[in-house]
Every structure is written in C-alpha cells, then in structure tokens.
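Following: one structure in structure tokens, then a few remarks.
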Amino acid sequence: MVPWGQSAYTAPMVTELGHFALILAFGVAILQMIVPLVGAQTHRPGWMAMAEPAATAQFFLIALSFGALMWGFVTSDFSLRLVVENSHSLKPLLYKISGTWGNHEGSMLLWVLIVALFGAMAAWFGGNLPPTLRARVLGVQAAIGVAFLAFILFTSNPFLRMATPPFDGQDLNPLLQDPGLAFHPPFLYLGYVGLSMTFSFAVAALIEGRVDAAWGRWVRPWTLAAWIFLTIGIALGSWWAYYELGWGGFWFWDPVENASFMPWLLAAALLHSAIVVEKRESLKSWTILLAILAFGFSLIGTFIVRSGLLTSVHAFANDPERGVFILAIMAFFMGGALVLFALRAGVMEARGVFGLVSRESALVVNNILLAVACFVVFVGTMWPLVAEMFFDRKLSVGPPFFNAAFTPFMIALGLIMPVGSAMPWKRARIARAIRPLRSAFVLALAVGLLAFTVQTGRSLLGPVGLFLGAWLVMGTVTELWTRSAGRWQRLRGLPRADWGKALSHGGLGVTMAGIAALTAWSLDDIRVAQIGQPFEVGGYTLTLDNVTDRRGPNYLTTIGDVTLARDGRTVASLHPEKRFYPVAQMPTTEAAIDTSLLRDVYVVIGDAQDGGGYTVRTYVKPMTLWIWIGCGLMALGGLCSLSDRRFRIGAGATRRARAVPAE
6 MVPWGQSAYT
16 APMVTELGHF
26 ALILAFGVAI
36 LQMIVPLVGA
46 QTHRPGWMAM
56 AEPAATAQFF
66 LIALSFGALM
76 WGFVTSDFSL
86 RLVVENSHSL
96 KPLLYKISGT
106 WGNHEGSMLL
116 WVLIVALFGA
126 MAAWFGGNLP
136 PTLRARVLGV
146 QAAIGVAFLA
156 FILFTSNPFL
166 RMATPPFDGQ
176 DLNPLLQDPG
186 LAFHPPFLYL
196 GYVGLSMTFS
206 FAVAALIEGR
216 VDAAWGRWVR
226 PWTLAAWIFL
236 TIGIALGSWW
246 AYYELGWGGF
256 WFWDPVENAS
266 FMPWLLAAAL
276 LHSAIVVEKR
286 ESLKSWTILL
296 AILAFGFSLI
306 GTFIVRSGLL
316 TSVHAFANDP
326 ERGVFILAIM
336 AFFMGGALVL
346 FALRAGVMEA
356 RGVFGLVSRE
366 SALVVNNILL
376 AVACFVVFVG
386 TMWPLVAEMF
396 FDRKLSVGPP
406 FFNAAFTPFM
416 IALGLIMPVG
426 SAMPWKRARI
436 ARAIRPLRSA
446 FVLALAVGLL
456 AFTVQTGRSL
466 LGPVGLFLGA
476 WLVMGTVTEL
486 WTRSAGRWQR
496 LRGLPRADWG
506 KALSHGGLGV
516 TMAGIAALTA
526 WSLDDIRVAQ
536 IGQPFEVGGY
546 TLTLDNVTDR
556 RGPNYLTTIG
566 DVTLARDGRT
576 VASLHPEKRF
586 YPVAQMPTTE
596 AAIDTSLLRD
606 VYVVIGDAQD
616 GGGYTVRTYV
626 KPMTLWIWIG
636 CGLMALGGLC
646 SLSDRRFRIG
656 AGATRRARAV
666 PAE
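In my numbering, the protein residues as written are 6 to 668.
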C-alpha cells in the first residue's frame, strides 16, 4: 500500500534519511564527547572550539531524524513498524503528530533530541563561559547523548521496517488520544531531560576543580528553565488525569507521576541552593550533589517508565532488557559523578560564613525539607519492587502512605517560606524578620479559622491548607510591599527576579489551598439515573435528559445529556461520553465538567442497566481550578525570573573583562 501524498519511493527515502541522520548524529556525538574534553585537559583551543559546531550539528541531525519519523506518522507510512503499532489512517491529525512520541521508541528519540537541544543552546548562548568550562560542559552533555543514542540504535530503533506493510495500523492507545497528552510529554521531557545540563555543569566544574559564585550564576538559568518546563508538564499531566481517567482525582501517586515529581522537588532545592553559592559562596558541595541527584532522579524516572518493573497506566514499555540498559547508563553516569564528587571534595570549600538565624539557614532548611520529601516519595515508589525482589512479597503503596508521610514536610515548608524570604543574608534577628509579617499571619489565621467554622465536618486538612495558602500569598505580598517601602513607584521598579519569586511562592500557596479544599470537601455520588428523573448532589439538581449513540472519527460513543440546576435555575448542560475504539478494542471515559472558580461539578456516564437507566457518577469538587492556577503562577514566576537582565549577562564575562590588564 502507498499512503496518500507519497510516491512508491518517497516513504522509504524519508525513512532511510531519518535513520541515516540518527546514525550520523551518533558519530558526531562521540567526537563531541572526546575531542573537547581532551582539548580542555591539554589546553588546545582548536580542539575545545570543536564543541560548538559539533553540538549544533548533532542537534540538527537528530531534529532531521525526528522530523522524518513524524512525517511517517502524519502520512500514515505503514512500512514503518512503529507507525503500524501506534497509528491508524482515521486518527485525527493532532494525534498522528503526537503519536510520534506516544510510544517507547519515538519518546526516546524526543528524549535525546532535547538532550541535544540543551547542548546546542549552551553552545549558542554560552559565549560568556570560560573556554575550558564550556568545552567540558558540552563534552559531558555529548556523553549523555552518546549513551542514549546507543540505547535507541541498538535496542529501540524507531525506523524498523515491515516486510509486508499492512493496509492500516493498530491505532494509538485511546487514553493518549487527548490534547492534554499531546502536549504533556514534550513539556515534561524539556523539564527532566533539561536537568542533564545542570548535571553537565556539575561534572564539568568537578573536572575543572572550580566551584564559585560565577558557576552558581551560570547554572541557575538552566535549572530554572528545566524547573519551569517540569512545572508545566506535571500540571498538564495532572489536568489530563483529572478529566480523562474518569476517577475525579488530580493525582494518584502513580509511579510515573512520581517519576516526574521527584526531579521537580530536587530542582526546586537546587534553585535555592545555587542562590547561596552565587550570593555567599557557601553550600558548594551540597549544590553540586543536588545537581547530580536531580538528573539522577530523571534517569530513575526513565527507568521506571520503560522497564516494566513497576505497573502504571502511563508506562511506555514493558521490557526488562531495555530497563537493564537504562540501569547501566544510570550506574555509569551517577556512579562516575559521585566518585568524582568524592575525589574533588577539597575544591568545594565554603567561603561565606553565616549565622544560625539568616536567609542562608532558611534556605538550608528549605533544601532539607524538599530533599527529604523527595526521599519519601522515592521510598514509597520503589518499596513494592524492593519487597518483591528481596522478600518475595507483593505490596502496594498507595495514596494513604504518601499523604501521611509527604504532607508534614510541605506544611513545614509552607510555614517557613515567608519568614525565610524576609530574612537578610549572613545574620538576622528573628523578631525583626517576623515583625512585618504579623498582619499577614493574622489574616491567614482568620482564613483558616473561618474555613474551620463553616465546614460541615471537623477535619483540619481543609482549614490548615487554606491557612497555609493564605499565609504564603499574604506573606509574599507583604515582602514585596516592605521591599518597596510602601511606594508604588519603587514597587514597579523591583527586579523581575523578585517578582518571579513572589509569583512562584504565591502560586505554591494557591495550589496548596486548592489541593487541601478538594481533598477535604469533595462530594461523591454514584447511582442508576433514570431518564427524566432529577436527583440531588451537594445542593445541585441533575437530570439525565437523554442518551444517544454516535460515531466519531475513529470511535463509537454513547453521549448523555445532563442538565445541571441550582435553586430551580439551569446552571449548565453537560455531555459526558463513554467511547469505544474498535481498532484498539478499548473503552474510554470522557467526563463532563462544569468549572467555576469555587467548584467543579464533574459527571461521568456508565453502562446501561438491565432494569433501565444508566450508571451516573457525580462529584462536586471545591476549588479544583486553583490547583492549576497555582501551577500557572509558579511557571509564570519562573519565566519572569528567567527574563531578568541579571540572568542574561554573564558574571564570568564581566569579571574577566575587569581582570584584563592594561597594555
């Protein structure tokens, strides 16, 4: 069969071009790994200079390969095995495109494309770096690319061909045929694969034997960019899980969810510790270790998703042999980096001295809480695997464990953040730091007490969450107002990094309040609803008016028409669906949600019942939208900080310019 828009020769030519470009990129990556590192060690400028064009060439070659694979999906080239297994000619164009990374092989090609992208960006925008450090950074980044290009070419080749192409494909997993899943993986990969650059900076600094304030300034923008993308990617994944899976939850502590959350926690800690390195030349060893561990947890996430050892609805592959390959890559990079870290401990001596009560100490506490929280998530995620391997017991670690073990650290973090931000560097007085925050604390406490008073139950989760959210938001506003001395003109003139910090901290508060309210006060109702008979849930009246069967582009669907009313007034018309994909032989649930700032009404339709009527599940979820508003504010705050002029001017370049002697 010849797909539409192609001659009998076009499809094989594009496929082979993509495969050849991938092999050539592998060769270029090997050269980029070896030559600049040797050049930096032997002080050969020409060898070091090779890193920049090699990084650029590697990126464009992998981009060409990825584009060829995407072309195969878009044109339904069923001579490619990957297209046959993950696409169908009737699938909408958006999901043909997203099918490129909606599978193991294609997602790994996207993975290595992003590694190459960050390396190319370091080559393009790293002119302010010392030549030896730049060469070493690009050499280490290339080594990561070599490892994963080898993994793709030898175990996960996306360009394998079919001897006899079938008439049509087997379709993409229906759960992935959704806009949220079309955009979620690229953002997520830009985040946790982007942490490879912080790893490269850490290893390059250890090889060079130099960790100073300039290094802290160089590594912060890369960490911040990765953290922004991780925040967006996690938020998109959470949003997708909320409306697509039909369970009415936004987070399930699934192993793959945890795989992206752990690097996010460590990246947040790294951002704060790098500030101490830059400002005070302290916490050098800890910051380098965080940079290594943050990328290490990204590799752990890759292992979890692709080894098949942990069960997840999000998993890409179920192949222990591939998992062993990734485990070997992780052992090589993490083991090598940690050995180098131990050997270079002497070059990371701290210079700055600070008191027990100071902003530095507050940032240390911040780092400890984030790191321990990450460790808790790691233990809960991996314990079922450990129990099965060593104790021959099958265990399941679910939300109750994570909620009980993780929540206290987030409460402590929320309590100290406004106080720590208000403290000066080096030495502080706790009473003086707290004084401007008294009004904010009283207002936040009033919000929590009000929530406790009006709630029907007497759980502390909702009031405590609202108190923490209000405390973070009001504390942030108070800090901005104090810094500007109460003058609007000075407030507008504050650096973008200060505004970015305020938005991110306030966004965390908004998200905390949303999570607490949804968890504490959500209502759930399941019943057999008869057509035309109204029923009550949480003060709302719902009526199943009609149910019809229809045909979509590549699925069959049963659609319910539900009228939502309150106090006799119609609020919305909802249309929940139950879809069936004939090619994949798989059903999916499409929830209907009426969203407002204060609550979601969430309706799911089930199967027809023998006695008449349909199963209908209804949730009333307060403040759900606040979760994603908060995530958006955190990402916006990161972008605001990243756009600060101080991030765009290299400290190293400035200092070198001052150090040039007059001739």
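In this text, a Cβ means the ideal position worked out from N, Cα and C, and glycines have one as well.
Three or more beta-carbon pairs separated by less than 8 Å are not found between the segment 366-373 and the segment 394-401, which leaves the two stretches without contact. Excluding residues up to 5 positions away in sequence, Ile-564, Gly-565, Asp-566, Val-567, Ala-597 lie with their Cβ nearer than 8 Å to the Cβ of His-580 in the same chain. Looking at the DSSP output, Ala-613 bridges to Tyr-619.
Taking 8 Å as the upper bound for CB-CB distance, Val-145 and Ala-209 are in contact here, some 6 Å apart. Excluding five sequence positions before and after Leu-400, the CB atoms of its chain that fall closer than 6 Å to its own CB belong to Pro-389, Ala-392, given in chain order. Measuring C-alpha to C-alpha distances from Thr-600 to each of Val-621, Pro-627, Lys-583 identifies Pro-627 as the nearest. For Phe-188, the uninterrupted alpha helix (DSSP H) segment begins and ends at 184-197.
For Leu-420, there is no enclosing beta strand (DSSP E); the residue is part of the alpha helix (DSSP H) that begins and ends at 404-427.
Gln-37 and Asn-263 have their C-alpha atoms roughly 33 Å apart. If you ignore the 5 residues before and after Ile-102, its C-beta comes within less than 8 Å of the C-beta of Met-75, Phe-78, Val-79, Ala-187, all in its own chain and listed in chain order. Collapsing the DSSP output to three states places Ser-578 in a strand. Ile-634 and Met-422 have their C-alpha atoms roughly 20 Å apart. Assigned with DSSP and collapsed to three states, Val-625 falls in strand. Per DSSP, the beta-bridge partners of Lys-583 are Thr-563, Thr-594. Per the C-alpha coordinates, the member of Ala-577, Thr-516, Arg-571, Asp-572 positioned closest to Trp-256 is Thr-516.
Distance from the Cα of Ala-68 is smallest, within the candidate group Ser-94, Met-113, Gln-46, Arg-311, for Met-113. Under DSSP, Phe-540 takes part in a beta bridge, and its partners are Leu-547. When the five nearest sequence neighbours on each side are left out, the beta carbons in the same chain lying within less than 6 Å of the beta carbon of Arg-225 are those of Ala-279, in order along the chain. In the structure shown, the three-state DSSP call for Thr-461 is coil. Under the 10 Å beta carbon count, Thr-483 is surrounded by 16 or more other beta carbons and is classified as buried. Arg-222: member of the alpha helix (DSSP H) spanning 218-249, first to last residue. In the structure shown, Leu-95 falls within a coil segment according to DSSP collapsed to helix, strand and coil. Non-local C-beta neighbours of Glu-582 in its own chain, meaning closer than 6 Å and more than five positions away in sequence, comprise Thr-562, Ile-564, Glu-595, ordered along the chain. C-alpha of Thr-105 to C-alpha of Ser-243: approximately 22 Å in a straight line. Exposure of Phe-130 is indicated by the presence of fewer than 16 other C-beta atoms within 10 angstroms of its C-beta. When secondary structure is reduced to three states using DSSP, Asp-397 falls in the coil class, being assigned neither helix nor strand.
According to DSSP, residue pairing for Ala-570 in a beta bridge involves Thr-546, Thr-575. Inter-residue distance for Ala-577 and Arg-622 is about 17 Å (C-alpha atoms, whole angstroms). In terms of Cα proximity to Thr-137, the closest of Asp-183, Phe-192, Ala-56 is Ala-56.
Non-local beta-carbon contacts of Ser-70 in its own chain, meaning distances under 6 Å to residues more than five positions away in sequence, involve Gly-23, Ala-26, Leu-27 in chain order.
Distance from the CA atom of Leu-361 to the CA atom of Asn-91, rounded to whole angstroms, is 57 Å. According to the DSSP assignment, Arg-532 belongs to the beta strand (DSSP E) that extends over 528-534.
Straight-line spacing of the CA atoms in Tyr-619 and Ser-527 works out to 23 Å. Taken atom to atom, the span from the alpha-carbon of Gly-221 to that of Glu-213 is near 15 Å. With 16 or more other Cβ atoms inside 10 Å of its own Cβ, Gly-453 counts as buried. Taking each of Tyr-194, Leu-508, Trp-476 in turn and checking the Cα distance to Leu-241, the smallest one comes out for Tyr-194.
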